[in-house]
Amino acid sequence: MRQTIQFTLNGLTTSVEAEESDLLLDVLRGQLGLFGARFGCGAGQCGACAVLVDGKVAAACHTEIGALAGKRIVTVEGLGTPEAPHPLQAAFLELQAGQCGYCLSGILIGAKALLDGNPDPTRAEIARALDWHLCRCGVHNRVMDAVALAAARMREGAGA
Amino acid sequence: MIPPMLAANPRLDRWARFEADGRARIAFGRMEYGQGVLTALAQMAADELDVPFDRLNVVHAATGEIPDEGLTVGSMSIEFSGPAIRAACAEVRALFAAAAASRLGCDAAELDVRDGAFLRGGQATGLDYWSLAGEVDLAREATGDASLKAPERMRLMGRSEPRMDLPPKLFGAAFLHDLTLPGLRHARVLRQPSPQARLRSLDEAAVRRAVPEVDILVDHAFVALICDTEADAARAHAAAEAAASWEGVRAMDPALSEAAALKTLPHEDFAAGAAKPGPSNRRRIAAAYGKPFLSHGSLGPSAGLAQYKDGRLTIWTHNQGVYPMRALAARITGLAPEAIEVIHGQGPGCYGHNGADDPPIDAALIAMRRPGQPIRVQWRREDEFGFAPVGTAMLMELSAELDASGRLVDYTAEIWNTPHTGARGTAVAESALPGYVAPPPPPQRLMPDGSRFSGGLLNATPSYAIETTRTLEHVIETPIRSSSLRSLGGAPNTFASECFVDEIAEAAGQDPLAYRLGMLAEPRGRTVLTRLSEICGWARRWEIGTGRGLGLAYDRHRGRGAMVACAAEVDVETEVKLLNLWCVCDGGLIVNPDGARNQIEGGMIMAGSWTLKEQVKLGGAGIASTTWDDYPILRFSDVPPIEIELIDTRDQRPCGLGEVSQGPVMAAIGNAVAHALGARVRDLPMTREKIAAALLKD
Ligand code: FES
Ligand code: FES
Numbered sequence: 003m004r005q006t007i008q009f010t011l012n013g014l015t016t017s018v019e020a021e022e023s024d025l026l027l028d029v030l031r032g033q034l035g036l037f038g039a040r041f042g043c044g045a046g047q048c049g050a051c052a053v054l055v056d057g058k059v060a061a062a063c064h065t066e067i068g069a070l071a072g073k074r075i076v077t078v079e080g081l082g083t084p085e086a087p088h089p090l091q092a093a094f095l096e097l098q099a100g101q102c103g104y105c106l107s108g109i110l111i112g113a114k115a116l117l118d119g120n121p122d123p124t125r126a127e128i129a130r131a132l133d134w135h136l137c138r139c140g141v142h143n144r145v146m147d148a149v150a151l152a153a154a155r156m157r158e159g160a161g162a
Numbered sequence: 217m218i219p220p221m222l223a224a225n226p227r228l229d230r231w232a233r234f235e236a237d238g239r240a241r242i243a244f245g246r247m248e249y250g251q252g253v254l255t256a257l258a259q260m261a262a263d264e265l266d267v268p269f270d271r272l273n274v275v276h277a278a279t280g281e282i283p284d285e286g287l288t289v290g291s292m293s294i295e296f297s298g299p300a301i302r303a304a305c306a307e308v309r310a311l312f313a314a315a316a317a318s319r320l321g322c323d324a325a326e327l328d329v330r331d332g333a334f335l336r337g338g339q340a341t342g343l344d345y346w347s348l349a350g351e352v353d354l355a356r357e358a359t360g361d362a363s364l365k366a367p368e369r370m371r372l373m374g375r376s377e378p379r380m381d382l383p384p385k386l387f388g389a390a391f392l393h394d395l396t397l398p399g400l401r402h403a404r405v406l407r408q409p410s411p412q413a414r415l416r417s418l419d420e421a422a423v424r425r426a427v428p429e430v431d432i433l434v435d436h437a438f439v440a441l442i443c444d445t446e447a448d449a450a451r452a453h454a455a456a457e458a459a460a461s462w463e464g465v466r467a468m469d470p471a472l473s474e475a476a477a478l479k480t481l482p483h484e485d486f487a488a489g490a491a492k493p494g495p496s497n498r499r500r501i502a503a504a505y506g507k508p509f510l511s512h513g514s515l516g517p518s519a520g521l522a523q524y525k526d527g528r529l530t531i532w533t534h535n536q537g538v539y540p541m542r543a544l545a546a547r548i549t550g551l552a553p554e555a556i557e558v559i560h561g562q563g564p565g566c567y568g569h570n571g572a573d574d575p576p577i578d579a580a581l582i583a584m585r586r587p588g589q590p591i592r593v594q595w596r597r598e599d600e601f602g603f604a605p606v607g608t609a610m611l612m613e614l615s616a617e618l619d620a621s622g623r624l625v626d627y628t629a630e631i632w633n634t635p636h637t638g639a640r641g642t643a644v645a646e647s648a649l650p651g652y653v654a655p656p657p658p659p660q661r662l663m664p665d666g667s668r669f670s671g672g673l674l675n676a677t678p679s680y681a682i683e684t685t686r687t688l689e690h691v692i693e694t695p696i697r698s699s700s701l702r703s704l705g706g707a708p709n710t711f712a713s714e715c716f717v718d719e720i721a722e723a724a725g726q727d728p729l730a731y732r733l734g735m736l737a738e739p740r741g742r743t744v745l746t747r748l749s750e751i752c753g754w755a756r757r758w759e760i761g762t763g764r765g766l767g768l769a770y771d772r773h774r775g776r777g778a779m780v781a782c783a784a785e786v787d788v789e790t791e792v793k794l795l796n797l798w799c800v801c802d803g804g805l806i807v808n809p810d811g812a813r814n815q816i817e818g819g820m821i822m823a824g825s826w827t828l829k830e831q832v833k834l835g836g837a838g839i840a841s842t843t844w845d846d847y848p849i850l851r852f853s854d855v856p857p858i859e860i861e862l863i864d865t866r867d868q869r870p871c872g873l874g875e876v877s878q879g880p881v882m883a884a885i886g887n888a889v890a891h892a893l894g895a896r897v898r899d900l901p902m903t904r905e906k907i908a909a910a911l912l913k914d
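Each protein sequence line maps, in turn, to chains Z and V.
So for the first sequence, the working numbering puts the first residue at 3; every next one is plus one.
So for the second sequence, the working numbering puts the first residue at 217; every next one is plus one.
Okay, here's the thing in structure tokens:
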């Protein structure tokens, strides 16, 4: 049965008409027209569709919309824009941390969740936090360097 | 001499022209898929023209818009497309300089170009490309006569320009997968379980119970479910899977997953090189190496769109070439190529012939049967793993003879594999159509010297001066749809031969580095290998069998490309842990050093993953490993720090770098593992079981 489900999406109150069992990824890429969360496997195995739900990383391909009423959802579109990039996005550009880029929106979300809880992670902590995310092009080291760079910038910014 | 790609597309204005908006329109026949090719080619164009980078309008790839350079494959863009765009732009510049000179009444040699404007004696002349555009007719054939910029005059080539395609990929929609069209319909194809399968029955009522609005298309064994939303298409597809029954389904023997099983299949044999060695009392050693079927493992399953309207078919694809896609669609639909337009969009990295050609053909077949409707087909993860071509398994049986001093004097590589580019120019949907007949095999490709080209022979013999070498290739009738994967046989062959060289050095009682240097005369190669030994700390190498290992390897890709040496340091308990990887590369002129490093490092990580983790498992009706759980790849925690050094040889011909690091890194890991264990794992992937087996045997 279709119902109205309301939640906060990238800071804005949003409501959708959907079946409770509809998947968040389909709703985002379908009626909401937000394509940042990407389809990689549909099985929670690759991290390409990662979003934040109440600050925690979730697989949008495995999250039913019915469970999201009243929750806060953040997709990569909620991080920053080309004009005002999030420090993570700026660092990824600066270090050219990407090849095909298909994995990147999920990774940015995973990295944001990490830095929200740990502003000064070690390389091993970054790796562990991103282990769910697959990258086939092999930009792992650049990604880890970019996350560390963004963390350093954010610490400076917070201290200033 | 005119570069071949320019000769094939000689009209200068197809490559470069100047637009009224003050930009230079540049077109290449190469597809970007994250390898940075557009940026590197744009650097070359801007440099030869002396136009600022940000005044380029790099044309979106589509048939009719860009020159036809075939497929973007084989890491050949920089090497082959580069000279074409450079020669075209240099000629354009020379034509404009001549026009400026005649206006100014001076000699063209007195003029220089800066930021698109002509200078004389360092002073502005008031003339630039745009003001002269009306006087220079670029609708003419290139001669290839203009001289290219010498390295010391390059301003953009050799600089790490940021990639042009990267920014959108960090902020949301960027891919073909994100394209929407008005009235778009989402479709899924109910795939034949195997190419021979026939549809016995489909309970359409059951599918409609799941999704009442579904449009079910059945043509022979080609079945598609067409809906307004992707979610509905997925539901209809799931219902159809349960409601269909097939006959003539292939039963795949799981034993064929192993490289050694290739020998049991029918094959055709090709011998090349020296005759078989006669009997001698030279020392002879032999070993067999194996590599399983591999998936391209693109992170995003392929997608494609198509619309058929007023007798014209439009296809949107993220494949490796818009013109080859047009030819494929023309063959399968029966339309004339001129009635088909193909538009390219960004896709996930493909690393060769993955599934990218297929969903656009699925969509085209549906669109032809539903005129007017724009159709989108998104493959599932299971489709990409299960139906996209895989890289072939290979078995490499190597033998060598050493003279009394331990010198390697005779080398034989006997290779078993399926054709490396077998499924090129085919689509998985074809065999479901009525009246299907398999297309004839493509004509034998030839090497420039007229000899037979085979992907399986790339790097088959090691890159050293060896008196006598020979190859024997067995090309097997493939049990599964296989096609090109990054480097074709190059990386697996280098893995095998460079591990074998370590075995030979050991038999000769010599250090692996010293043994290699003893056979390597080429000074650039020696520099690469020597420099590698310094940065990896080869001098500290410790005794064998401690559980920690250091190994290295060297290769000149295809005997003519970049010279690359890699080293690996590993820790082996029950599994291999990569601790450090190093690479030194001499690739001639490097147009974009940061892009080159990115490609080399990505290749090293992918190859590390091939070496340690990956194997396509056959079974059921074809491929049994259809999820990331069945097909593990290297993850963030598995990736070691990597150090890359590029040797600056900008006066040398540029080489492709997309597939040169894999082979040496695979062999370096193999040699490091052998050093750690005191036993050699010759069959990939180097899993816990293979390590245990090697330890038991040695
Ligand atoms: S698409 Fe959701 S985890 Fe892969
Ligand atoms: S950049 Fe291509 S998958 Fe990560």
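Note that the Cβ used here is the ideal one computed from N, Cα and C, for glycine as well.
Check, Outcome
"Complete runs of the beta strand (DSSP E) confined to the segment 257-331 of chain V [at least 3 residues]", "272-274, 327-330"
"Euclidean distance between Cα positions of Z/G35 and Z/L14", "15 Å"
"Where V/T843 falls: helix, strand or coil (DSSP)", "coil"
"Range of the contiguous alpha helix (DSSP H) that encloses Z/G112", "106-119"
"Interface flag, V/I858 vs chain Z, CB-CB below 7 Å", "yes"
"Beta carbon of V/Q831 nearer than 7 Å to that of V/S703", "no"
"V/H690 versus V/W632: straight-line alpha-carbon distance, rounded", "5 Å"
"Z/F37 to V/I242 span [Cα, whole Å]", "29 Å"
"Environment of V/A403 [buried if 16+ CB atoms lie within 10 Å]", "buried"
"Start-end ranges of the beta strand (DSSP E) lying completely within the segment 323-382 of chain V, minimum 3 residues", "327-330, 333-336, 339-344"
"7 Å CB neighbourhood of V/D573 in its chain, flanking five on each side removed", "N535, M541, L544, A643"
"Contact set between V/D394 and chain Z, taken where Cβ atoms lie within less than 7 Å", "F37"
"For V/M380 and V/D263, believed in contact at Cβ under 8 Å, the rounded distance", "In fact, because the Cβ distance is near 15 Å, the residues do not count as touching under 8 Å."
"Residues near V/E789 in its chain [Cβ-Cβ closer than 8 Å; skip 5 each side]", "G763"
"Contacts of Z/F41 in chain V (Cβ-Cβ under 8 Å)", "H393, G516, P517, Q594"
"CB contact below 7 Å: V/M373 versus chain Z", "no"
"Any non-hydrogen atom of ligand 2 within 6 Å of Z/R138 CB", "yes"
"CB-CB length for V/L701 against V/H512, believed under 8 Å", "6 Å"
"Enclosing beta strand (DSSP E) for V/E613 [first to last residue]", "610-618"
"Entirely enclosed beta strand (DSSP E) segments - the segment 540-607 of chain V, minimum 3 residues", "556-560, 591-594"
"Cβ-heavy atom distance, Z/C63 to ligand 1, below 6 Å", "yes"
"Distance cut-off 6 Å: Z/A50 Cβ against heavy atoms of ligand 1", "yes"
"Proximal residues, the segment 129-143 of chain Z versus chain V, C-beta separation under 9 Å", "A129, R130, A131, L132, D133, W134, H135, L136, C137, R138, C139, G140, V141, H142, N143"
"Three-state secondary structure assigned by DSSP to V/E457", "helix"
"Below-7 Å beta-carbon distance, V/L701 vs any chain Z residue", "no"
"Rounded C-alpha distance that separates V/A355 from V/D229", "6 Å"
"Alpha-carbon to alpha-carbon, V/L581 and V/G388", "30 Å"
"Beta bridge counterpart(s) of V/I531 as assigned by DSSP", "V/A522, V/V558"
"Any chain V beta carbon closer than 7 Å to Z/C165", "Nothing about residue 165 of chain Z can be read from this structure; chain Z reaches only from 3 to 162."
"Where V/G818 sits in the DSSP three-state scheme", "helix"
"Contact under 7 Å by Cβ, V/A604 with V/I591", "no"
"Chain V within 7 Å of Z/F94, Cβ atoms only", "yes"
"Contact list for Z/D122 against chain V, beta-carbon separation under 9 Å", "Those do not exist, as Z/D122 stays about 18 Å from chain V at its closest Cβ, beyond 9 Å."
"Min CB distance V/F334 to chain Z below 7 Å", "no"
"Residue range of the unbroken beta strand (DSSP E) whose run includes V/V405", "401-406"
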